[in-house]
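Mapped onto mature numbering (1 follows the signal peptide of the UniProt record, and there is no 0), the consecutive letters of the sequence shown carry residue numbers -17 to -1, 1 to 543.
All C-beta atoms, glycine included, are put in the ideal place defined by N, C-alpha and C.
Because the structure is a prediction, the values reported are computed rather than measured.
All remarks here apply to the structure that follows.
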Amino acid sequence: MRYLLSLLLVISVTAQAAGPGKNAVASAHPLATAAGMRILDQGGNAFDAAVAVAAALAVVEPYSSGMGGGGFWLLHRQSDGKQTLVDAREKAPGAATANMYQDKHGKVMRDWALNGPSAAAIPGQAAAFVYLAEHYGTLPLTTSLAPAIKLAKEGFPVDARYRKLTGYREEVLNRFPDAAAIFLHNGKVPADGYVIKQPDLAHTLSVLAEQGRAGFYQGEVAQKLVDGVQQAGGIWTLEDLKGYQVVERTPTVSHFRGGRIVSAPPPSAGGVVMGEALNILSQFNEGQVGDVLMPHLAVEAMRRAYQDRARYLGDPDFVDNPVEKLLSTAYAKQRAASIQLDKATPSASLGEPITAEEGFHTTHLSVLDKDGNRVSATLSINLPFGSGFVAPGTGVVLNNEMDDFSAKPGEPNAYGLVSSHANAIAPGKRPLSSMTPTFVEFDDRVAILGTPGGSRIISMVMLGVIEAADNKPVEDWVSRVRFHHQYLPDEVQAEPAFVGSPAAKELMKLGHKVVSTGRRYGNMQAIEWNRQTGAVTAASDPRGIGSAQVRGPQPAGATP
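Here it is as C-alpha cells:
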C-alpha cells in the first residue's frame, strides 16, 4: 500500500512537472516573435527566447521599448516551480533631487521632465538580459542577441504604426541630430517601406553579447552614454551606470474564481491594484455577477483600487507598501461595503483626490516553452521614443521615465494627473509603474498575459483575467472591448466600441460618466496552456501589428 501511494505521488508530481511539448511566443511585432521562435528552435528555453524577443523589439519598436529603458520580467521555472519577478525598472540618477523639475518659483518645468537626457533614468534593459542569461537561460547572449543584432544591421521596413508614433514625436526627435538621423528621413517621418538601419545599436548589442554586463554599464558604451547625456544637459555619471542592479522580487499572489493570479509587486502597482480590484469584485457572488452588473461592479472596484495605488504605493526600497493589507479579504470587504448596486460612487466622496499615470508606449511579450517554463514581460521607455534623445555613437534611445515620478506632489504629469509623496523623486529610486505581467493558474490551465497602456494596463489585464475565468478562448482576452476607471478623473474611459453600447447606457443610468478614448487602446499578448488537453493557444492583440506562434520543437538542422 505504501509503495502504491508513493507511486501515485511520483506519477502526480511527474504529470505536474511535464511540459506542453510545444513552444509559443506572442509579441507586438512579427520580427520579434520570429526571433523568439528561432531561439527556441535552437534549443533555448523560454528565458533565452524572452531575451531574444525583447532585444528584437528594442530594434523594431524604438517607439515603445529599447536598450535605454527597463521593465518587469515575471518568470516561472517548471523544474522546481520557482516563480519570481526580475525588476529591471529604471532608477533615478544619483544627482536627482525631489524638486529637480521645478523652477525657482516651484513651477514644474514639463519639457525638462519629458524631453532630452534630463528626463532619463538609468536603464535596466541590458542588465536584465545579462541576468536572465546567467541565472535562468541555457544559451549564451551571443546566441540569444544574434537575431536583434542582425535586424539592427540589416534594418526593418517602416510601416503605418511606425509612421503614426514617429509623427507624435517628430519635433522632439529633430532636436537631437543622432535621433533624427536614425529615425527620420531628411527631418521628416519616413515613407512606408523605408528601411531603418541602426549600426550603432548593432555595435552596442554586440559588445553586450560579448562582454556581458560590463559591455553596457562600463567601458566604451558607458562612456559614450555618459558623455552624450552630460553634453546635452543631463546628470548621469559613470557611477550611476556601474551601480545599476536588477532585483528579484516576490510576485504578488491573489485569487479570483478558482484562479491563482501571480503578478508584479511594487515598484509596479499592477499586481496589487488588480488583485485588490478582483478581491472587491469577489465580494459580490464570488465574482460571478453576470454581464449586466459586471461593468458597474468592475468600475467601482477599479475606482477604489486605483485610489489606493496613489495613496500607498512606491518603490519598496524607499516606501513601506502595505501589500498584505491591500490584498486581504478583510480589506476587500471593507472597500466593497461602500458600493451600491444601483448607483455610482462619486470619487470625491472617498477622499484623498490623488492618482497617477505613466506613458502609454510600452510593449509586452509572452513566452511558453515545451518544458513549461514561462515568461510574461512588460517593457517600456515611457512616451513614444522615450526622451527622444540618442547618445551619440550608441544607437540607444533613452527613456523619459523620470516623468513617472511626482515632479511635485499634487502637480500633474504629462497626462494631466498627479501623485503623492510615496512616488517622489529620490536618488537611486525606481518610479512607480502600472506594468502588470501576469500568470493565472487554474486547476486545468495556465494563462500568460500582459499589455502596454499606461495606467490602463491594470484594468486591461483585469478584464483579460475575467475573460480567462469565464473560460473564453485566448483570442477573446486580447480582443475584448475595454473600459477603465482610475479614481480621477471621475469618469469611465472607454473604447469607442463600448460607448453607446447597452453596457455603457446602463452605466450612465447608474450615474457614471462614460467618455470615449477616441481610439482603441492596448496591445495585449497572451498564451494559454490547457494542461488537461495539452492544447497550447496564443493570440496577439488585433489593435497592433504583433503576431503569435505555436509549434512543436523543430528537428536539429531544420530551417525555421
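- Judged by beta-carbon spacing, V272 lies beyond the 8 angstroms limit of G19, meaning their Cβ atoms are not closer than that value.
- Boundaries of the alpha helix (DSSP H) around I441: 440 to 452.
- Annotated as distal: N6 and T121, with beta-carbon spacing of 8 angstroms or more.
- If you check the CB distance, P249 and G297 come in under 8 angstroms.
- A straight line joining the alpha-carbon of A360 with that of A116 spans about 15 angstroms.
- Beta-bridge partners of D70 (DSSP): F55, V230.
- Judged by beta-carbon spacing, A135 lies beyond the 8 angstroms limit of V34, meaning their Cβ atoms are not closer than that value.
- Taken in chain order, the complete alpha helix (DSSP H) segments of 4 or more residues contained in the stretch 87 to 152 are 93 to 97, 108 to 118, 124 to 127, 129 to 137, 143 to 151.
- Boundaries of the alpha helix (DSSP H) harbouring S462: 457 to 462, taken from the DSSP string.
- Around the C-beta of P106, 16 or more other C-beta atoms lie within 10 Å, and the residue is accordingly described as buried.
- A direct Cα-Cα distance of roughly 15 angstroms separates K455 from E424.
- No Cβ-Cβ contact shorter than 8 angstroms links T67 with G378.
- Apart from sequence neighbours up to five positions away, the residues of its chain that approach Q61 with a beta-carbon distance below 7 angstroms are A(-1), G2, D354, G355, N356, ordered along the chain.
- Restricting attention to alpha helix (DSSP H) runs no shorter than 4 residues, the stretch 182 to 212 encloses them at 182 to 194, 197 to 200, ordered along the chain.
- According to the DSSP assignment, I364 belongs to no alpha helix (DSSP H), since it is labelled neither H nor E.
- A direct Cα-to-Cα measurement between H12 and S530 gives close to 6 angstroms.
- Here DSSP, grouped into helix, strand and coil, assigns V497 to strand.
- Residue state for S47 is assigned as coil, using DSSP reduced to three classes.
- When secondary structure is reduced to three states using DSSP, K65 falls in the strand class.
- DSSP links H404 through a beta bridge to no other residue.
- Taking 4 residues as the shortest admissible run, the stretch 464 to 492 contains the following complete alpha helix (DSSP H) segments, listed from N- to C-terminal end: 485 to 492.
- The count of Cβ pairs closer than 8 angstroms, one atom from the stretch 413 to 423 and one from the stretch 281 to 288, stays below three, leaving the stretches out of contact.
- Around the beta carbon of N262, 16 or more other beta carbons lie within 10 angstroms, which makes this residue buried.
- Burial check for E450: the Cβ neighbour count within 10 Å reaches 16 or more, so the residue is buried.
- For W512, the closest alpha carbon among the candidates D473, E474, L432, S484 is that of L432.
- Following the DSSP letters along the chain, one finds S523 inside the beta strand (DSSP E) bounded by residues 519 to 523.
- Taking C-alpha positions only, D274 is separated from M491 by approximately 16 angstroms.
- By the neighbour-count criterion, in which a residue is buried when 16 or more other Cβ atoms sit within 10 angstroms of its Cβ, A522 is buried.
- A contact is defined here as three or more CB-CB pairs under 8 angstroms, and the stretch 463 to 475 meets this definition with respect to the stretch 321 to 333.
- Residue nearest to L224 within the set Y145, G254, R294, G51 is G51 (criterion: CA-CA distance).
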